[in-house]
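Colleague:
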Amino acid sequence: MAKKSHGSLSRMSRKENIQLTLMTIPTVIWYALFCYLPLFGIFFAFKDFTPVPGESLFENLFVNSPWVGLRNFSYLFRNPQYMDVLFNTLFYNIIFLVAGIVIPVTLAVLLAEVHQKKFTGVVQMALVLPYFISWVVVGYCIYGLLATDVGQINGLLKMFGADPVQWYQSPEYWRGILISLGIWKTSGYTMVIYLCSVNAIDRSLYEAAALDGANFFQRVRHVTLPHLRTTIATLFILGVGSILNSDFGLFYQVPLDSGALQSVTQTLDVYVYKSLMLQANFSFSSAAAFLQSGVGCILLVIANLITRKIDRDSALV
Amino acid sequence: MKQKHGSYVRPQDSSLGRTANIIVTAFFTAVTVLALMPVVLIIAASLSSEESIEMYGYRYIPQEFSFDAFTYLFTSGDTLPRAILNSVIVTCSGTVLGLAVMCPCAYALSRKEFRWGKLLTVFLLLPMLFSGGLVSSYMVNTQILHLKNTYLALILPGMCSTWYIMILRNYFRTNIPDSLIEAGKLEGVSPLRSLVSIVLPICRPVVMSVAVFQIFGYWNSWYPALIYIASNHSELYPLQYVLVNIERTVQAMTRDAANVSGMEMTTVPGMTMRMALVVVTVLPIIVLFPFFQRFLKTGMTVGAVKE
């Protein structure tokens, strides 16, 4: 009986299949236009883009622009500014990758121990909120704190007799500021994801551990963390895959695009944007974008493979 | 408060002692305050009078309360109403269009017997791995699709997301019993009809969840405007981008104060007004957030579940 109903499920009428296919058409068109069509742009990275006004994009790219092989890439790597940009991108992302696991997991483990529902509800709400506030607004908040003449912090410094700091001219503070803001914005959101996993753990496991005399840290180590393994691995693999991507808003809008801060705030996305919009340097910025995408893709696959070797269930595929 | 401590230390649940619990609670109170600090400052600043800001700067405790900035914003000119209208248009149409496109696709994918299910999943996942990058997206959107300086440039690029489609699909799969679909089939109901009349009503939480993510996403978006809307089409600026633009002008003015004409000076709103504008931008989110939060959780937890 069960087998029969399964049989009728697995065979779908031709008509229904066509109807379902039609339902996917709008999405397929959207992906074709906005994800797959731009893929031809990979060619930009291997061409010296010299558009002739009035001709179509494809003619300009494939007929009017000569192939230059890897020249765009070699220019890129010989550019000292690019190496800074690359370093910044990796630097921030590695920190975000580690902090993005350690901090939310710690918060989730601790918050799960607080059993006053109203309190945890308010805490969760307050911590998730930053995730839904745009970097533009955050930029203004930070300006309110750090503005040289009217900022709250310089106001406090003056009150205590210290010298005011020209924050937007002092790169030495900004690595710390940007890291804190990145953590501030996403930790709460990630924490809620982990908290759901923690709350799903069978409480009897903790009781058993408590009966065996395990203290709080032992219980976290031997009960909670093993249960979070899969979620941690998933978020880690995705993080590795986007190791060369950065939050444009954080690195461009929050420092107010201040020239003095460029050495510590410029990441690949900002660099690509600027070389495209300000210098109209198509080949250069697509070479940079190509690297970003290609390296991310390769790293994602490697990270997934390694995870699979260690623990099959935690890998993405 | 003291006698209530017993209520949140239940020995069978919590492995922390009473003192540790108080410390953890205190810690989270501090973290919560810290998380809200930046936002509180702009609200305080927007409620201060312009003179007090000029004299004392932005302060957590306003030296002189005043609603002038808000009254001025809403009574002078049509820049702000226009920007709000743009943001609302983009947010509403983007969210509705996005759901209208994604839900049918997610439904088809949620049917295990659908012939192209696997292929289509790969088709949707690949762009998460590899993208053409900003340059070619820009060229396609401006030169082939001719989106520059249109509302569509603000709406279309962010309309679909593989992530949302997968959230919808997973939820449909686990919450719609096969028998219900079978019953519909026997009565000769088309898949689109059964999506609208059976699936969506049952799966309202996840649809709301994706809708809320989209609403917040569109309301907060300014990057498309930065790239696709030229400065001579400022009538299309969404609220967020108006803020970006004001801030750019202020930066340019401070950089070379000598070259700024008197006219440009007057187009820049005062310090309190800028903060009032920020509050107008962020207030809908803060006000709606408590109501939307339970929907967000659905999406976040469904998304964390693989396959």
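Protein chains in written order, with my numbering: chain A, 1 to 317; chain B, 318 to 624.
Note that CB positions come from ideal geometry on N, CA and C, so glycine has one too.
1. Would you kindly check if the distance between the Cβ of residue 194 of chain A and the Cβ of residue 231 of chain A is under 8 Å?
2. Can you tell me where the alpha helix (DSSP H) holding residue 309 of chain B begins and where it ends?
3. Can you check whether the C-beta of residue 389 of chain B is within less than 8 Å of a C-beta belonging to chain A?
4. Using 8 Å as the limit for Cβ to Cβ distance, is residue 17 of chain A near chain B?
5. Measuring straight from C-alpha to C-alpha, what distance separates residue 328 of chain B and residue 220 of chain A?
6. Rounded to whole angstroms, what is the Cα-Cα separation between residue 445 of chain B and residue 386 of chain B?
7. Please confirm if residue 264 of chain A has its CB atom under 8 Å from at least one CB of chain B.
8. Considering only residues of the same chain and omitting the five flanking positions on each side of residue 580 of chain B, which have a CB-CB separation below 6 Å?
9. List, in order along the chain, the chain A residues whose C-beta lies closer than 9 Å to that of residue 373 of chain B?
10. Sorted by chain position, which residues of the same chain lie with C-beta nearer than 7 Å to residue 300 of chain A's C-beta, five sequence neighbours on each side aside?
11. Here's a check: name, in chain order, each residue in its chain whose Cβ is nearer than 6 Å to the Cβ of residue 261 of chain A, leaving out the five neighbours to either side.
12. Does any CB atom of chain A fall closer than 8 Å to the CB of residue 518 of chain B?
13. What residue does the alpha helix (DSSP H) around residue 219 of chain A start on, and which one ends it?
14. DSSP puts residue 47 of chain A in a beta bridge; with which residues?
15. What would DSSP say about residue 580 of chain B, mapped onto helix, strand or coil?
16. Please list, in chain order, the chain A residues whose beta carbon lies closer than 7 Å to that of residue 528 of chain B.
17. Specify whether the region 555 to 575 of chain B and the region 497 to 515 of chain B touch according to this definition: at least 3 beta carbon pairs, one from each stretch, less than 8 Å apart.
18. Hey, is residue 142 of chain A's beta-carbon within less than 8 Å of any beta-carbon in chain B?
19. Between residue 580 of chain B and chain A, is there a C-beta pair that is closer than 8 Å?
20. Can residue 307 of chain A and residue 233 of chain A be called in contact, C-beta distance under 8 Å?
21. From this set, A:235, A:108, A:134, which residue's C-alpha is nearest residue 96 of chain A's C-alpha?
22. Mind pulling the chain B residues with CB within less than 9 Å of residue 271 of chain A?
23. By DSSP's criteria, residue 365 of chain B is part of a beta bridge. Which residues make up the other side?
24. Taking 7 Å as the limit between beta carbons, can you name the residues of its chain near residue 6 of chain A, skipping five residues before and five after?
25. Tell me where the alpha helix (DSSP H) around residue 302 of chain A begins and ends.
26. Would you mind reading off the limits of the alpha helix (DSSP H) that contains residue 52 of chain A?
27. Along the chain, where does the alpha helix (DSSP H) containing residue 229 of chain A start, and where does it finish?
28. Specify the secondary structure class of residue 550 of chain B as computed by DSSP and reduced to three states.
29. Tell me which residues of the region 35 to 51 of chain A have at least one Cβ-Cβ distance to chain B shorter than 8 Å, keeping chain order.
30. What does residue 285 of chain A reach in chain B if we use C-beta pairs closer than 9 Å?
31. Helix or strand or just coil, what does DSSP make of residue 425 of chain B?
32. Using 8 Å as the threshold, is the C-beta distance between residue 16 of chain A and residue 508 of chain B below it?
33. Taking the C-alpha atoms as reference points, what is the distance between residue 335 of chain B and residue 181 of chain A?
34. Would you call the region 596 to 611 of chain B and the region 460 to 472 of chain B touching, i.e. three or more CB-CB distances under 8 Å?
Modeller: Taking the definition as stated:
1. For this step, residue 231 of chain A is matched to residue 231 along the first sequence. For this step, residue 194 of chain A is matched to residue 194 along the first sequence. Cβ atoms of residue 231 of chain A and residue 194 of chain A: closer than 8 Å.
2. What the structure shows of chain B is the stretch from 318 to 624, and residue 309 of chain B is not part of that stretch, so it cannot be assessed.
3. Translated into positions along the second sequence, residue 389 of chain B becomes position 72. Proximity of residue 389 of chain B to chain A, defined by a Cβ-Cβ separation below 8 Å, is not satisfied.
4. Start at 1 with the first residue of the first sequence, and residue 17 of chain A comes out as number 17. Output row for residue 17 of chain A: interface = yes.
5. Along the second sequence, one-based indexing puts residue 328 of chain B at 11. Along the first sequence, one-based indexing puts residue 220 of chain A at 220. Reliability of the predicted coordinates at residue 328 of chain B is poor, the pLDDT of 45 falling under 50, and the value obtained from them is presented with this limitation in mind. So the two alpha carbons sit approximately 16 Å from each other.
6. Translated into positions along the second sequence, residue 445 of chain B becomes position 128. Translated into positions along the second sequence, residue 386 of chain B becomes position 69. Looking at the two C-alpha atoms, the distance is approximately 44 Å.
7. Numbered from 1 along the first sequence, position 264 holds the residue referred to as residue 264 of chain A. Not an interface residue.
8. If you number the second sequence from 1, residue 580 of chain B lands on position 263. Legend: pLDDT at residue 580 of chain B = 48, less than 50; position of this residue unreliable, no value from coordinates given.
9. Counted from its first residue, the second sequence places residue 373 of chain B at position 56. Per Cβ cutoff of 9 Å: 150, 155.
10. Locating residue 300 of chain A in the first sequence gives position 300, where the first residue counts as 1. Cβ neighbours of residue 300 of chain A beyond the five flanking positions: 237, 240, 241.
11. Taking the first residue of the first sequence as 1, we reach residue 261 of chain A at position 261. Closer than 6 Å at the Cβ level, and outside the excluded window around residue 261 of chain A, lie 171, 174, 255.
12. Here residue 518 of chain B refers to the residue found at position 201 when the second sequence is read from its first residue. Chain A, which has no Cβ nearer than 8 Å to the Cβ of residue 518 of chain B, makes this no.
13. By one-based count along the first sequence, residue 219 of chain A stands at place 219. Element bounds for residue 219 of chain A: 216 to 219.
14. As a working mapping, residue 47 of chain A is identified with position 47 in the first sequence. Looking at the DSSP assignment, residue 47 of chain A forms a beta bridge with A:67.
15. Counted from its first residue, the second sequence places residue 580 of chain B at position 263. Note that residue 580 of chain B scores 48 on pLDDT, short of 50, meaning its location in the model is unreliable; the coordinates nonetheless yield the value given after this. The answer is helix: DSSP assigns residue 580 of chain B an H, G or I state.
16. The residue given as residue 528 of chain B occupies position 211 in the second sequence. Correct list: empty, because the minimum Cβ distance to chain A is about 14 Å.
17. no
18. By 1-based counting over the first sequence, the position of residue 142 of chain A is 142. Yes, contact with chain B.
19. Residue mapping note: residue 580 of chain B aligns to position 263 of the second sequence, counting from 1. Its pLDDT being 48, under 50, residue 580 of chain B is placed unreliably in this model, and the coordinates cannot settle the point.
20. Within the first sequence, numbered from 1, the residue matching residue 307 of chain A stands at position 307. Within the first sequence, numbered from 1, the residue matching residue 233 of chain A stands at position 233. It is a contact, given that the beta carbons lie within the stated cut-off.
21. What you label residue 96 of chain A is simply residue 96 of the first sequence in a count that begins at 1. Ranking A:235, A:108, A:134 by Cα distance to residue 96 of chain A puts A:235 first.
22. To locate residue 271 of chain A, count along the first sequence from 1; it is residue 271. Correct list: empty, because the minimum Cβ distance to chain B is about 11 Å.
23. Walking along the second sequence from the start, residue 365 of chain B turns up at place 48. According to DSSP, residue 365 of chain B bridges with B:382.
24. As a first step, residue 6 of chain A must be located in the first sequence, where it is residue number 6. Caution applies to residue 6 of chain A, whose pLDDT of 45 falls short of 50 and renders its modelled position unreliable; the value that the coordinates give is listed next. Excluding sequence neighbours, residue 6 of chain A sits near nothing in its chain.
25. Within the first sequence, numbered from 1, the residue matching residue 302 of chain A stands at position 302. Looking at the DSSP string, the run of the alpha helix (DSSP H) that includes residue 302 of chain A is 282 to 310.
26. If you number the first sequence from 1, residue 52 of chain A lands on position 52. Residue 52 of chain A -> no alpha helix (DSSP H), and no H or E assigned at all.
27. Your numbering for residue 229 of chain A matches position 229 in the first sequence. Counting along the chain, the alpha helix (DSSP H) containing residue 229 of chain A begins and ends at 225 to 241.
28. Stepping through the second sequence from its first residue, residue 550 of chain B is reached at position 233. Here residue 550 of chain B sits in helix by DSSP.
29. 35, 36, 37, 38, 39, 40, 41, 42, 44
30. Translated into the one-based positions of the first sequence, residue 285 of chain A becomes position 285. By Cβ distance, chain B contributes 450, 451, 452.
31. Within the second sequence, the letter at position 108 stands for residue 425 of chain B. Of the three classes helix, strand and coil, the one that applies to residue 425 of chain B here is helix, per DSSP.
32. Taking the first sequence and counting its residues from 1, the one referred to as residue 16 of chain A is at position 16. Taking the second sequence and counting its residues from 1, the one referred to as residue 508 of chain B is at position 191. Yes.
33. The sequence position of residue 335 of chain B within the second sequence is 18, counting from 1. The sequence position of residue 181 of chain A within the first sequence is 181, counting from 1. Each residue's alpha carbon lies about 33 Å from the other.
34. no
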